[in-house]
Amino acid sequence: MENHSIMKRVQEELEEVVGLNNMVEESHLPKLQYLAAMIKETLRMYPTVPFLIPRSPSKACMVGGYMIPKGCTFILNVWSIHRDPRYWDNPLEFNPERLCLGLPLAEKMIMLIVGSLLHSFDWSLPKGEEHDLTETCDMTLKKRKPLIAIPSQRLSDVGLYM
Numbered sequence: 001m002e003n004h005s006i007m008k009r010v011q012e013e014l015e016e017v018v019g020l021n022n023m024v025e026e027s028h029l030p031k032l033q034y035l036a037a038m039i040k041e042t043l044r045m046y047p048t049v050p051f052l053i054p055r056s057p058s059k060a061c062m063v064g065g066y067m068i069p070k071g072c073t074f075i076l077n078v079w080s081i082h083r084d085p086r087y088w089d090n091p092l093e094f095n096p097e098r099l100c101l102g103l104p105l106a107e108k109m110i111m112l113i114v115g116s117l118l119h120s121f122d123w124s125l126p127k128g129e130e131h132d133l134t135e136t137c138d139m140t141l142k143k144r145k146p147l148i149a150i151p152s153q154r155l156s157d158v159g160l161y162m
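Following full-length UniProt numbering, the numbering of the sequence shown begins with 1 at its first residue and continues without gaps.
Laid out in structure tokens, this is it:
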């Protein structure tokens, strides 16, 4: 909402691919390249979970030759795990084909939801409100002040909203 030219470009792509008399469907997703880029850039700038959730074993256990006591708290270093040649072939090579099958489904669902919202509605902030992008970071990343967005009907056929 802060960058109207980007929202407009996504909506123009949606108009071209989906049309103003249709709703976004899964079959449209491969053609929505700018929407995909916008979502990925959003997730790059504002990841939901920068660190894995702390873990605490319910009983003492051995991991990699180390005794992990019951009840201790630890955080997994995902960055290091994803670059460990003991677990990955060519860990520093960028290779999307090695990712799990759930990722494409999640990406499709995000595109379908965001695409539908941007195609069906114009979005604005409440009158007099400024968009506050500041965030707080714990184990999850969240806005310091919750975002309130106001949708307004964008498509002329009201039947598409039912």
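Each residue gets a CB set at the ideal place from its N, CA and C atoms; glycine is no exception. Quantities reported herein were computed from a predicted structural model and do not represent experimental measurements.
Where M67 falls: helix, strand or coil (DSSP): strand
Per the contact definition of three or more C-beta pairs closer than 8 Å, is the region 20-37 in contact with the region 57-68? They do not touch, by the three-pair rule.
Member of R83, D84 and V63 whose CA lies at the smallest distance from the CA of F74: V63
Given 8 Å as the limit, is there contact between the region 120-138 and the region 103-111, that is, 3 or more CB pairs closer than that? no
Reference N3, options Y161, M23, E25 and T42, closest by Cα: Of all alpha-carbon atoms in Y161, M23, E25 and T42, the one lying nearest the alpha-carbon of N3 is that of T42.
With a threshold of 8 Å on Cβ separation, who are the neighbours of I148 within its own chain once the five nearest residues in sequence on each side are excluded? In the same chain as I148, and ignoring 5 residues on each side of it, the C-beta atoms closer than 8 Å to its own belong to L125, P126 and E129, in chain order.
Given P85, which residues of its chain have a CB within under 6 Å of its CB, disregarding the five upstream and five downstream residues? P91
Does DSSP put P30 in a helix, a strand or coil? Three-state result, P30: helix.
Take I150 and list the residues in its own chain whose beta-carbon comes closer than 8 Å to its own, dropping the five residues that flank it on each side. W123, S124, L125 and P126
Among S5, L20 and F121, which residue has its Cα nearest to the Cα of R154? F121
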